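Below: one structure, written as structure tokens.
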Amino acid sequence: MRQQQKQRRRTTHLFGSLLLVAAAGVSAVGAAPAQDASPAQAATPLGQVVPAPAKVEAGGPGYAITPDTRIRVEQDSKEARRVAGYLAGVLRPSTGYELPVIGQGGPDGIRLELSRTDKDLGAEGYRLESGPGAVTITAHEAAGLFHGVQTLRQQLPAAVEKKTAQAGPWPVAGGTIEDSPRYGYRSAMLDVSRHFFGVDQVKRYIDELALYKVNKLHLHLSDDQGWRIAIDSWPRLATYGGSTQVGGGRGGYYTKDQYKEIVRYAASRYLEVVPEIDMPSHTNAALASYADLNCNGVAPPLYTGTNVGFSSLCVNKPITYTFVDDVIRELAALTPGKYIHIGGDEAHSTSHDDYVTFMNKVQPIVAKYGKTVVGWHQLTAATPIKGALAQYWGLDGTSAAEKAQVAAAARAGTGIVISPADRTYLDMKYNKDTKLGLAWAGYVEVQRSYDWNPGNYLPGAPASAVAGVEAPLWAETISTSADIDYMAFPRLPGVAELGWSPAATHDWNTYKVRLAAQGPRWDALGIGYYKSTQVPWPAS
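With mature numbering (1 follows the signal peptide of the UniProt record, and there is no 0) applied, the sequence shown covers -31 to -1, 1 to 509.
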């Protein structure tokens, strides 16, 4: 999905103006003695969050978290209690308050309520109501409660994210937010093949994604430089194919238990893991591990460079499909989510006919194990299976013929995930001075990443075919969590907003103000972000 240097590579209603709602008459206490929430310590204006909520009605006195605050779980739902425990884990260190989670209703405190009758909120929507006595978050399903909690976090002062007790106060502006997502597929991809990232590093990124209501983590588990998941029936894939990475450093792979832990942790943040095994190209790590997967029966050496398109599974060998079946079977058994991504991009060493044959044989294997196919948009050169998603990663300048091919598939029923490389690829440099990243898709500053519409981006594709958006982060130059943070922030929240917020809320001038307000929060969370001059960051 990109093009590096000379080579192709992987590449409702808005609140018109935010109302400042002071926490007049509301007191809050931090770790220090009690303080009054004066106008100088006003609450964050209701709705000044990212992604922009669908509907905001600001007004009236708000709530303040105090030492007496309890987190109440209506009907003592197990799912709601889990979300309440997560919220308490965020709030307790910084406020210094006990904030007990109790399984009984009441008129005061922070109230989390699952309402089986509020079906209009959908699977991920929520309602947040803030008044003098309580903040109430209501949702139809637990994912909605969790997303409402992310909004509540952003309504509180940024210091709430710190891990040590802060002085407070902790006001929440008064009013009501009603919110639900535009798209059901809101994804971020992490390339763990070019450089390997350990379980704790992936968990850190999951926590960052959750704050912005991302609900899919696409893990790129295989490529020329490394195979990153243990497969019992083909053990050398991980032990040998996973032994290195770009630049020749020590690689790594996830044991099955480690992968399960990533899946479990993601699910606790209401993200679904979408694993990718890229094929028939981007397969040198597999070819190096098993000679029989090569047409000539000779295993190539491990590869630590960054070229693409030179490798291919042997399409005409029966063992190739035994291999694919085994890998998909084991991966499907580890993955409770709906999707498996089969790649399919940059198969420059595979003839068109062989490519079509391969993709049309592999898709039913995915379906056989109960999963839905996702592939890069080159999948549309074959025959996408019913229900498949094609991930479009082309550029503004991609040929009209290539765009038309994807659009035709969309009109025929294939869902489209939109991730244009020159808009959403988080590894693209911000400008010529950016030390990390690549520039084959051009420089991608914050406004460019945000200021487009997924619903009409691909000419000829019906808006109803767009399943959602994704922000991929390829890792040729990315090797640490600090690198991830710097390239993802501040662009990731904008792509997340494109996936969540109604199109009517889209406005760069109001967005950049809301984005700027995230800066102190990222400082408190230890996220080292790029301070784009396009954003009016608050003075430090």
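We put the beta carbon where it would ideally sit given N, CA and C, even for glycine. Treat the numbers as computed from the prediction; the structure is a model and nothing was measured.
Apart from the five residues on each side of it in sequence, which residues of its chain come closer than 6 Å, Cβ to Cβ, to residue i?
{"i": "P69", "result": "R39"}
{"i": "L467", "result": "P423, V438"}
{"i": "V129", "result": "S63"}
{"i": "V42", "result": "A49, R50, A53, G72, L81"}
{"i": "E299", "result": "I200"}
{"i": "G495", "result": "none"}
{"i": "Q123", "result": "V18"}
Quick one, are the C-beta atoms of residue i and residue j less than 7 Å apart?
{"i": "R163", "j": "V215", "result": "yes"}
{"i": "P140", "j": "G28", "result": "no"}
{"i": "P459", "j": "L484", "result": "yes"}
{"i": "G144", "j": "L15", "result": "yes"}
{"i": "Y154", "j": "A432", "result": "no"}
{"i": "P36", "j": "Y66", "result": "yes"}
{"i": "S258", "j": "G210", "result": "yes"}
Along the chain, where does the beta strand (DSSP E) that runs through residue i open and close?
{"i": "E67", "result": "That residue, E67, is in no beta strand (DSSP E); it is neither H nor E in DSSP."}
{"i": "W345", "result": "341 to 345"}
{"i": "S418", "result": "First-last for S418: 415 to 419, but that is the alpha helix (DSSP H), not the beta strand (DSSP E)."}
{"i": "A440", "result": "435 to 442"}
{"i": "H310", "result": "308 to 310"}
{"i": "Q360", "result": "358 to 361"}
{"i": "E371", "result": "Here E371 belongs to no beta strand (DSSP E); instead the alpha helix (DSSP H) covers 369 to 380."}
{"i": "W139", "result": "139 to 141"}
Can you look up residue i in the DSSP assignment and give me helix, strand or coil?
{"i": "D148", "result": "strand"}
{"i": "Q124", "result": "helix"}
{"i": "T352", "result": "coil"}
{"i": "V296", "result": "helix"}
{"i": "residue 523", "result": "Since the displayed the chain opens at -31 and closes at 509, residue 523 lies outside it and no answer follows."}
{"i": "D176", "result": "helix"}
{"i": "V267", "result": "coil"}
{"i": "V18", "result": "coil"}
{"i": "residue 510", "result": "The structure shown does not extend to residue 510, since the chain spans only -31 to 509, so no value can be given for it."}
{"i": "T107", "result": "strand"}
{"i": "S191", "result": "strand"}
{"i": "G113", "result": "helix"}
{"i": "I34", "result": "strand"}
{"i": "Y222", "result": "coil"}
{"i": "E43", "result": "helix"}
{"i": "Y154", "result": "strand"}
{"i": "V284", "result": "coil"}
{"i": "Y186", "result": "Correcting the residue type first, residue 186 is Leu in the shown sequence and not Tyr. Residue state, collapsed to three classes: strand."}
{"i": "W196", "result": "strand"}
{"i": "K330", "result": "helix"}
Excluding sequence positions up to five away, which residues of its chain have a Cβ less than 7 Å from the Cβ of residue i?
{"i": "D323", "result": "V284"}
{"i": "G497", "result": "A451, D454, Y455"}
{"i": "G117", "result": "Y95, L97, I106, A108"}
{"i": "K225", "result": "A199, L303"}
{"i": "A493", "result": "A127, A128, E130, K131"}
{"i": "K229", "result": "L303"}
{"i": "residue 549", "result": "The structure shown does not extend to residue 549, since the chain is modelled only from -31 to 509, so the question has no answer here."}
If you draw a straight line from the C-alpha of residue i to the C-alpha of residue j, how long is it?
{"i": "S445", "j": "N276", "result": "First, the residue type needs correcting, since residue 445 is Glu and not Ser in the sequence shown. Cα to Cα, the separation comes out at about 10 Å."}
{"i": "T470", "j": "Q170", "result": "With the sequence shown as reference, residue 470 is identified as Ser, and Thr is not the correct amino acid for it. Each residue's Cα considered, the two are about 28 Å apart."}
{"i": "T349", "j": "D295", "result": "25 Å"}
{"i": "P353", "j": "A57", "result": "45 Å"}
{"i": "A127", "j": "L206", "result": "44 Å"}
{"i": "V242", "j": "V343", "result": "13 Å"}
{"i": "residue 530", "j": "P22", "result": "Since the displayed the chain opens at -31 and closes at 509, residue 530 lies outside it and no answer follows."}
{"i": "I387", "j": "Y152", "result": "11 Å"}
{"i": "Y239", "j": "L178", "result": "10 Å"}
{"i": "K47", "j": "A112", "result": "13 Å"}
{"i": "Y499", "j": "D87", "result": "40 Å"}
{"i": "residue 536", "j": "T367", "result": "Residue numbering for the chain in the displayed model covers -31 to 509; residue 536 lies beyond these limits and cannot be assessed."}
{"i": "D261", "j": "P287", "result": "10 Å"}
{"i": "D420", "j": "G218", "result": "38 Å"}
{"i": "A488", "j": "V325", "result": "Residue identity differs from the one stated: residue 488 is Gly in this sequence, not Ala. About 47 Å."}
{"i": "S(-5)", "j": "A103", "result": "A caution first: S(-5) carries a pLDDT of 31, below 50, which makes its placement in the model unreliable, though a value can still be read off. Rounded to the nearest angstrom, the two C-alpha atoms are 13 Å apart."}
{"i": "W506", "j": "W491", "result": "12 Å"}
{"i": "A12", "j": "L125", "result": "7 Å"}
{"i": "G429", "j": "A370", "result": "11 Å"}
{"i": "P76", "j": "Q119", "result": "22 Å"}
{"i": "L114", "j": "D176", "result": "16 Å"}
{"i": "G463", "j": "A157", "result": "12 Å"}
Between which two residues does the alpha helix (DSSP H) holding residue i run?
{"i": "L206", "result": "205 to 208"}
{"i": "R490", "result": "488 to 494"}
{"i": "K225", "result": "225 to 237"}
{"i": "P462", "result": "460 to 469"}
{"i": "L256", "result": "253 to 258"}
Between which residues of its own chain and residue i is the CB-CB distance below 8 Å, once the five residues before and five after are set aside?
{"i": "R85", "result": "H109"}
{"i": "A508", "result": "none"}
Cβ-heavy atom distance between residue i and the ligand ZN below 6 Å?
{"i": "V464", "result": "By its list of ligands, the structure shown contains no ligand whatsoever, and the ligand ZN lies outside what it can speak to."}
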